[in-house]
Every structure is written in structure tokens, then in C-alpha cells.
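A quick write-up on the structure given underneath.
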Amino acid sequence: MKNQTSRIVIAGACRTPVSSVLEGRAGGSLSSLTADELLTDCMLETSRRTGVGLSRVDGVFIGTCIHDPKRLNVARVATVLAGLLPEIREKFFAGEYLEKDIVSVSTTIEVPAETVSFNCGSGMIALITAIRSILSKEGVLYIAGGTESMSHGPMQFARSARGSYSQGDMVMKDGVLYDATNPAKVIQVASDTYVVDGMFHGLVCPFTGKHYGVTADWAAQRYGITRTEQDRAAAISHSRARKAVASGYFAPQIVPVKTRGEYSRIVREDEGIKTVTAGDLASLKPYFTRPNEPEGTCYARGDNGTVTVATSSLVSDASVTMLILTLEEAVERGIDPSVEILDYAIVAGDPSYMGVVPILAIQKLWNKWGFNKDSKDVVYVNNAAFEATNLAVQKVLEVPSAQWNPWGDAVALGHPVGASAAIRVGEAVHMLNVLPEYTYAIVSFCVGGGQAVAMLLKKYEV
Amino acid sequence: MKIQKVGIVGGGEMGGGIAALILRESDCSVVIMETAERIEVAQKRLRDQFEKWCMLGHITPPQVEALMARATFTSKRGDFADVDFFIEAINEDPHEKQKVFAFFDLILRKDVIMATNTSSLSVTQIASRGTERPNLVLGCHFFNPPTSMKLVELVQGEKTSDETIEIVKNFVRSLGKVTITVKDSPLFVVNRLLFFAVRELLLGLEKYVVTIEEMDAIALEYGWPMGLFALSDRIGLDVVLSVAQVAEKTWNDTASVGTILPKLVEMKRLGKKTGSGFYSADPEETQFGEMLEEWYPNRSDFVSAKIIFNHAMSMMYREADIMVKEGIVTAHDVNTGARWGLGFPKDVIHIDDDL
Chain A
1 MKNQTSRIVI
11 AGACRTPVSS
21 VLEGRAGGSL
31 SSLTADELLT
41 DCMLETSRRT
51 GVGLSRVDGV
61 FIGTCIHDPK
71 RLNVARVATV
81 LAGLLPEIRE
91 KFFAGEYLEK
101 DIVSVSTTIE
111 VPAETVSFNC
121 GSGMIALITA
131 IRSILSKEGV
141 LYIAGGTESM
151 SHGPMQFARS
161 ARGSYSQGDM
171 VMKDGVLYDA
181 TNPAKVIQVA
191 SDTYVVDGMF
201 HGLVCPFTGK
211 HYGVTADWAA
221 QRYGITRTEQ
231 DRAAAISHSR
241 ARKAVASGYF
251 APQIVPVKTR
261 GEYSRIVRED
271 EGIKTVTAGD
281 LASLKPYFTR
291 PNEPEGTCYA
301 RGDNGTVTVA
311 TSSLVSDASV
321 TMLILTLEEA
331 VERGIDPSVE
341 ILDYAIVAGD
351 PSYMGVVPIL
361 AIQKLWNKWG
371 FNKDSKDVVY
381 VNNAAFEATN
391 LAVQKVLEVP
401 SAQWNPWGDA
411 VALGHPVGAS
421 AAIRVGEAVH
431 MLNVLPEYTY
441 AIVSFCVGGG
451 QAVAMLLKKY
461 EV
Chain B
463 MKIQKVGIVG
473 GGEMGGGIAA
483 LILRESDCSV
493 VIMETAERIE
503 VAQKRLRDQF
513 EKWCMLGHIT
523 PPQVEALMAR
533 ATFTSKRGDF
543 ADVDFFIEAI
553 NEDPHEKQKV
563 FAFFDLILRK
573 DVIMATNTSS
583 LSVTQIASRG
593 TERPNLVLGC
603 HFFNPPTSMK
613 LVELVQGEKT
623 SDETIEIVKN
633 FVRSLGKVTI
643 TVKDSPLFVV
653 NRLLFFAVRE
663 LLLGLEKYVV
673 TIEEMDAIAL
683 EYGWPMGLFA
693 LSDRIGLDVV
703 LSVAQVAEKT
713 WNDTASVGTI
723 LPKLVEMKRL
733 GKKTGSGFYS
743 ADPEETQFGE
753 MLEEWYPNRS
763 DFVSAKIIFN
773 HAMSMMYREA
783 DIMVKEGIVT
793 AHDVNTGARW
803 GLGFPKDVIH
813 IDDDL
């Protein structure tokens with residue numbers, strides 16, 4: 001991206017609170033809301049904050065990892081919905097389909113929208129797609145971000161389990177499946193049918209069939225990251241996140257969200273941030289590598305596991321959007337161009353150590369722009385799903401702790417997989433706004449399947 | 463007599479928790495006494511508990527309202543005239559407790575059992591000095607939080623009748639609790655066992671170069687569900703200190719707790735309730751280990767953490783033995799107390815049924 005003709009800036013970054021998907025119930029506080037609803041709220045807020053009408057943008061790029069089958073291309077769904085009246089949106093999000101004449105009056109139907117899929121890096125690739133569109137002169141003004149409702153991850157069984165060829169949704173009543181449109185028609189399904197958890201497999205390596213937490217255990221062994229170090233890092237993460245909340249660093253970007261259902265309330269705060277001490281964490285057992293694990297599961301068998309649930313990021317729901325635009329466009333529209341995108345790096349490496357591939361991405365940016373571990377004016381936001389790999393990346397790069405995730409990391413702040421990358425970029429934008437000691441920010445992500453993305457941001461100066 | 467209405471004095475952490483427990487686990491209605499200034503806070507505390515259960519999916523929103531409807535808050539003693547069972551759960555002030563018992567003894571029906579949730583005072587004294595019904599007064603010691611800790615210590619004062627114990631035992635068990643019966647004695651069973659173990663660890667920290675992390679790791683290996691220092695943080699160092707003060711008053715030097723605990727409490731490092739105690743919720747501030755080195759610079763490395771821990775366990779077993787020999791509690795109950803009150807995975811007294 002060096003020597004490009006247009007300078008690219010970010011504006012209007014805002015996000016929903018990050019909820020944590022609770023066990024034993026349908027989900028956390030945002031589980032009554034689908035990914036498209038969360039996204040629409042954010043898009044409208046970004047539009048409000050920047051004064052840019054959504055019908056004026058050249059396109060929308062949204063990252064998401066786990067697709068809701070009834071809302072394929074969630075970016076497009078949210079974009080069109082954003083252009084309709086609130087009452088109509090309300091009906092749609094409450095579960096009713098719309099009349100075609102109503103859809104056609106949406107003010108945003110002429111805005112192209114693309115949902116981008118790159119596992120946990122989806123949000124950042126969405127931003128990068130916007131950047132590429134600007135660089136290839138397709139447009140000057142884009143909405144980009146991410147959305148994820150892990151609470152709505154689908155459960156599915158293979159089409160081949162259905163006795164005869166048929167299409168359409170089914171309804172299960174008393175253990176029998178019926179055609180959803182013809183309640184009397186029983187659908188024959190193979191009596192032993194394996195049901196795949198769509199959300200869960202977003203967290204499992206497709207090559208080895210092991211949960212990414214197992215890859216974190218492998219990385220911990222290879223890079224010598226101990227259990228105690230991980231516990232301590234998790235406690236620090238929560239502590240830094242709490243302090244950031246207390247200092248009001250997240251509030252400016254958070255869009256309060258009203259939940260649905262009988263017990264509706266307004267959610268304003270991230271749910272995952274806790275008060276923990278190393279003492280609490282020490283009594284947890286390693287979750288991904290277990291001493292008596294049977295063969296063939298997605299967990300590993302062994303005595304040397306170190307990663308626990310407390311040192312892993314939270315399964316969460318959230319959404320984020322921001323405006324990606326050229327400097328000229330920002331100036332013309334009176335938008336304060338506070339942060340500039342200088343460059344990005346997309347790399348790929350060994351999937352079995354996916355958590356440490358960001359090392360390559362960060363080094364690539366370092367080499368290109370002349371940074372190293374001693375560059376004091378760079379703040380790093382490394383969204384690692386596990387403290388083990390977070391520490392491994394920091395250890396290899398030798399970046400001091402003070403510059404590394406100063407406001408906590410995914411363990412405390414949550415990891416709504418497709419949206420996280422963009423959330424962290426939004427966070428880094430705010431860091432550059434409020435922390436005077438940093439001029440640059442490098443936001444990096446490990447991506448399931450063995451890839452990584454990193455983005456270099458700079459405080460805008462004329 | 464079937465218990466249909468329970469009167470609880472004190473709507474704080476314990477009183478409010480006991481109320482929530484009774485409302486959830488039984489059909490009883492509950493009347494809670496609080497001072498006029500504190501009634502609103504107590505109501506909110508109870509409602510927040512139900513709303514938390516609702517959020518976790520244990521109860522539905524209509525159930526939240528139904529449970530709240532069975533709770534009444536009052537500052538008027540007269541509203542207790544028709545209760546069937548009485549629980550006192552105010553702060554550990556002997557004079558206040560005595561007054562409460564004296565006043566309510568006059569108001570409650572003559573057959574109503576009066577229980578105190580005290581953890582440090584003599585049930586016998588409260589019964590005899592405060593009321594005309596010492597046979598109907600007992601200790602009913604819940605653990606924090608009463609909604610989830612399974613153990614309840616039933617404390618039998620000198621004059622408490624066996625029938626009283628039986629009735630309360632059945633009621634408390636119907637709420638899903640595990641009970642043990644203890645003769646009125648300082649610290650009853652659970653706090654006494656825990657105290658003598660933790661005491662050894664604290665004294666060891668002062669004398670030898672050992673760390674709390676080491677000793678908690680050894681506790682986990684030993685089978686404890688969490689390290690004893692982490693447990694102390696969770697209980698609250700102010701509570702641990704008040705237990706220690708009762709112990710020191712009763713048993714003098716053989717129960718002295720050393721200087722670390724008072725120092726931490728003075729610094730307001732009370733554990734989970736303030737964020738930091740032995741362990742810190744902010745690993746980037748001054749850690750306890752550093753403070754220890756500053757306060758006790760001449761510790762020796764003569765004894766390892768493992769030895770100190772094993773010694774602490776021995777002292778705990780010894781205390782269990784003493785309690786059984788003095789007839790304070792049966793061997794079976796002291797094991798139950800350790801298991802359900804402390805999560806201790808082994809028996810503290812081995813019972814030889816063949817002998």
C-alpha cells in the first residue's frame with residue numbers, strides 16, 4: 001500500500017456490547033438478537049455519527065464466520081433493512097418476512113453488500129476489501145465491519161440422512177420430524193443420524209479435527225509458555241479491561257442494544273470482563289488436552305495440557321461497523337480523519353500452530369515500514385483466542401508488555417469470531433485517539449486454518 | 463407444626479440469601495425485618511438475586527414476580543406475630559443479637575423456634591439470657607452464599623431440645639441442604655477446621671521462604687477444590703480475621719494467627735470483595751509476595767511448602783479428633799461438615815465401623 005495515491009481513513013467506528021454466550025441456556029444477553037439485527041443497529045449508528053447517509057455509500061463489506069442459513073449474505077440483509085422504516089425493521093427482526101413492495105422502497109437497495117468469510121479474520125478482511133475497492137478506484141466510501149451471533153450457530157444433519165429427496169424446513173415434534181409446510185407429512189430420517197454443531201465447528205481445525213484450543217496447547221509446548229504464565233496473562237487481561245472500562249475507553253464506541261423477548265432490557269456493557277485472580281484460575285483443569293480423553297474426539301489426550309476455559313477467549317455475540325473512506329471524501333464531508341490505514345499483511349502458515357502465524361504478519365509490516373521490537377510509538381492489539389498463543393507471539397517478537405493489548409484481550413473482551421477483527425481495529429482507532437504516547441497501531445489476528453492478518457494504522461496528521 | 467411463614471431479621475447478604483433460598487425451595491412466605499433506611503436496599507438485593515437466576519435460565523420472569531410476591535419487608539416487629547419459624551441474620555454484635563432475641567421472644571407465638579445464624583457467638587447465652595424459651599433456640603449456621611452452599615450447621619445450645627433440632631433439621635433438609643449437628647462451641651465445626659489449617663499456613667509464610675502459589679498448588683494436588691489462600695480470598699479476609707479473633711480469645715496462644723492477616727485487613731485487601739487479598743485482581747500492582755519479602759526479610763528455607771502444608775492438614779485432623787473426643791460433634795458429622803462445608807475430598811476422621 002505504499003505509494004498509493006489516495007490516503008485511506010477510518011471514521012464512525014461503533015459496536016454493540018460483546019455478550020458472552022452462557023452455558024445451559026440459549027445464549028447470553030444478546031442471544032435474542034440475530035446477527036443481521038445487531039449489524040443493522042451498528043450501521044445506522046455509524047451513519048448517524050458521521051452524517052453519511054447509508055444510501056450514499058459505495059458498498060458494504062461485513063465479515064462473518066458462522067452463517068445463519070436464513071440470512072445468507074448478512075451484509076446485504078442488514079443493508080436493505082437499514083433503509084426501511086423502524087416499524088418495518090421491527091417486524092422483520094421479530095421474525096416476519098416482508099412484502100416485496102415494502103422491500104423495494106428501502107433507501108439502500110442500490111447499495112451493493114458483500115459478506116466476507118475468512119474465519120476469525122473475517123472482520124479485518126472486510127475492511128481490507130473496502131480498502132482494495134478504494135485502491136482499485138471502484139469507490140471512495142464504504143461501510144465495513146463484522147457481525148457474529150454465535151448464539152444462533154446452526155445445528156445440522158446431512159441431507160443424505162433424509163429418506164427421500166425433498167427440500168424445505170422441518171419441524172420436530174415429540175422426536176418425529178414433519179414437513180414444516182405440511183404438518184401431517186412425516187419425514188423419514190435415518191434412525192442413527194449425526195448432527196453437526198455449526199457453531200462448534202467454527203472452533204475446530206478442519207484439517208486435524210482438533211479444537212483450536214488443542215493447537216494452543218501445542219503452541220504452548222513448542223514455545224515454552226507455562227500454565228502459570230497463561231493464568232497470569234488472563235488475570236492481567238481482565239484487570240486491564242476493567243481499568244479501560246473504568247476510564248471510559250469503550251463507552252464512546254458502544255451502541256446500547258435492546259434485547260427481545262419477555263424479559264427485554266437494554267445492554268450497554270461488555271459481559272465478559274470479570275474480576276479474577278491467579279488463585280481462582282489455578283484450580284481449573286486443562287480443558288482441551290485431557291488425561292483420559294477417548295479416541296476420535298476434537299480434544300486431545302494427554303497430561304500436559306495447559307489451556308483452560310479461563311485462558312481462552314469467550315464465545316460471544318457482537319457487531320461492529322465503521323466507515324472506510326478516502327481522505328478527500330472525509331474532508332469534503334466534514335468528517336474528522338483521525339486515523340489512517342497505512343498497510344496490511346495477509347499471511348498463511350502451519351494450521352497446527354495457527355495461533356502463532358501473526359508473527360509472520362507483524363514481521364512483514366515491521367520490515368516494510370522499518371519498525372522493530374524497540375519501536376516505542378507502536379501499540380499492539382493482538383486478538384489471540386488463547387493466552388498461550390498470545391504470549392507466544394509476544395515472546396517471539398519481544399514486544400514489551402505495556403505496549404501489548406493495553407486494554408485487555410479477547411479472553412476478557414470476548415471473541416465473536418467473524419466480528420472480532422473489526423472490533424479490535426475500532427478499539428485501536430480509539431487507542432490512537434486517546435493515548436498520546438502512540439502514533440501507530442498494529443492490529444493482528446490469528447485465523448483458524450493457519451492464516452493471519454495484520455493492519456497498520458497511524459494517527460492522522462496532515 | 464408445618465412451617466408456612468418464616469420471619470427473618472436482617473436482609474443483608476446472609477438474611478437476603480436465606481430468604482431467596484426459602485422462597486425458591488419451598489412454598490413458605492417470608493417476612494424480612496430491616497431498618498427503614500435499609501429496606502429498599504434489601505428489596506433490591508432480593509430482586510437482583512431472582513433476576514440473576516432468571517437471566518441464567520433457572521426461573522422465568524413471571525416466577526421472579528411470584529417469588530417477590532411471597533416476600534414482605536417491614537420495620538415493624540408486630541408483623542412477625544404469625545410466623546412459624548424465626549431466623550436472626552444480623553451482624554455479629556452480641557448486644558444487638560441479644561436485644562433481637564429478647565424483643566421477638568415477646569412477640570412470637572410461644573411454640574415458635576428461634577434460630578440464629580451467628581458464626582461466632584454462644585447460642586446458649588443468646589438462648590438463656592435473651593429468651594424464656596431456651597429449649598426452642600438453636601444456631602442455624604448457613605454458609606455464604608446460602609443459596610448455593612449446601613451445608614448448614616445446626617448448633618445445639620445447652621438447653622436446646624432434641625425435638626427442636628429435629629424439626630429444624632427436617633425443614634432445612636427440605637430446602638436441599640445437608641446438615642450436621644454441633645454442640646454449642648467456639649467456631650462450631652467448619653470454621654474451626656479451616657482456621658487451624660489456614661493458621662499453620664500463615665505462620666509458615668512468616669517463617670519460611672514459601673509462596674502462596676506453591677501452597678495452593680499443593681492443596682490442589684492434595685485434593686482440595688481450590689487452594690486455601692484462594693479460598694480465604696473468596697470467603698473474605700475480614701471474615702477470616704474475625705474467625706481468628708474468636709479462636710485467639712478462646713484458645714490464646716495455641717490459636718494465634720500471626721501478623722500477616724491483620725496487616726492485609728488493615729490495608730483493606732479483603733479478597734474478592736475488594737478485588738485483592740492474598741491474590742491480586744490486578745497482577746500489575748504490588749503483589750503479596752513482594753510485600754511478604756518486605757515484612758519478613760529473614761525467612762529461612764529450612765522447611766518446604768509441602769511440609770508446611772502437610773503440617774496444616776495434621777493440625778486440622780487433630781482438631782477434628784479433639785472435637786469428636788469432646789463430644790462436640792460425631793465423627794460422621796465432622797466428615798460431612800468437612801466435605802460439604804469446605805469441599806474437602808477426604809474424611810477428616812476415619813471411622814472404623816468394625817471396631
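As you go down the protein sequences, you meet chains A and B in turn.
Here the first sequence stands for residues 1 to 462, where the numbers follow the working numbering.
Here the second sequence stands for residues 463 to 817, where the numbers follow the working numbering.
All C-beta atoms, glycine included, are put in the ideal place defined by N, C-alpha and C.
By the Cβ neighbour-count rule, M729 of chain B is exposed, with fewer than 16 other Cβ atoms within 10 Å of its own. Within the same chain, and ignoring the five residues on either side of T129 of chain A in sequence, the residues whose Cβ sits closer than 8 Å to its Cβ are F61, E114, V116, A144. Apart from sequence neighbours up to five positions away, the residues of its chain that approach A216 of chain A with a beta-carbon distance below 6 Å are V307, G355, F386, A388, T389, ordered along the chain. Around the beta-carbon of W757 of chain B, fewer than 16 other beta-carbon atoms lie within 10 Å, marking it exposed. Counting along the chain, C602 of chain B sits inside no alpha helix (DSSP H); it lies in the beta strand (DSSP E) bounded by residues 599–604.
The beta-carbon of T289 of chain A is placed no less than 8 Å from the nearest beta-carbon of chain B.
Beta-bridge annotation (DSSP): A144 of chain A is paired with A:F61, A:M322.
Assigned with DSSP and collapsed to three states, V111 of chain A falls in coil, not helix or strand.
Assignment of E99 of chain A by DSSP, reduced to helix, strand and coil, places it in the coil class. By the neighbour-count criterion, in which a residue is buried when 16 or more other Cβ atoms sit within 10 angstroms of its Cβ, T522 of chain B is exposed.
With respect to P416 of chain A, E148 of chain A sits close: the two C-beta atoms are nearer than 8 Å. K734 of chain B has its alpha-carbon roughly 31 Å from the corresponding atom of T536 of chain B. In this structure, the alpha-carbon of W686 of chain B lies about 15 Å from that of I697 of chain B. Under the Cβ distance rule, A412 of chain A does not count among the residues neighbouring chain B, no pair being separated by less than 8 Å. Contact of V425 of chain A with chain B is not assigned, every C-beta pair being separated by 8 Å or more. Here the segment 464–471 of chain B lies against the segment 493–511 of chain B, with 3 or more beta-carbon pairs under 8 Å apart.
When 7 Å is used as the limit between beta carbons, Y741 of chain B is near these residues of chain A: T277, A278, G279, in chain order. K258 of chain A sits in a strand when the DSSP states are folded into three classes. Note: I128 of chain A is not bridge-paired with any residue in the DSSP secondary-structure output.
Straight-line measurement puts the Cα of S581 of chain B at about 27 Å from the Cα of M463 of chain B. Put simply, the CB of R232 of chain A is near chain B, with a gap under 8 Å to one of its CB atoms. In the DSSP assignment, E615 of chain B is bridged to B:H603, B:I642. Using a CB distance cut-off of 8 Å, L682 of chain B counts as an interface residue toward chain A. DSSP lists no beta-bridge partner residue for D546 of chain B.
Secondary-structure assignment with DSSP links G469 of chain B through a beta bridge to B:V493, B:F548. In this structure, DSSP gives M576 of chain B an extended state, which the three-state scheme calls strand. Comparing C-alpha distances from V315 of chain A to each of A:N304, A:A422, A:H152, A:A220 shows the shortest one belongs to A:H152.
For G689 of chain B, the residues of chain A that pass the 8 Å Cβ criterion are G279, A282, S283, in the order they occur in the chain.
In the three-state reduction of the DSSP assignment, M476 of chain B falls in the helix class, which pools H, G and I. With a minimum length of 4 residues, the unbroken runs of alpha helix (DSSP H) contained wholly in the segment 306–379 of chain A fall at 327–333, 358–369. Take V585 of chain B, set aside five residues on each side of it, and the residues of its chain with a beta-carbon closer than 8 Å to its own are T578, V599, L600, G601, V617, Q618, G619, T622, D646, in chain order.
Secondary structure at L38 of chain A: helix, using DSSP grouped into helix, strand and coil. Under the 8 Å criterion on CB atoms, G737 of chain B is classed as interfacial with respect to chain A. Taking 7 Å as the cut-off between beta carbons, none of the residues of the segment 754–776 of chain B comes near chain A. Within the segment 234–259 of chain A, contact with chain B at the beta-carbon level (separation under 7 Å) is assigned to A235, I236, S239.
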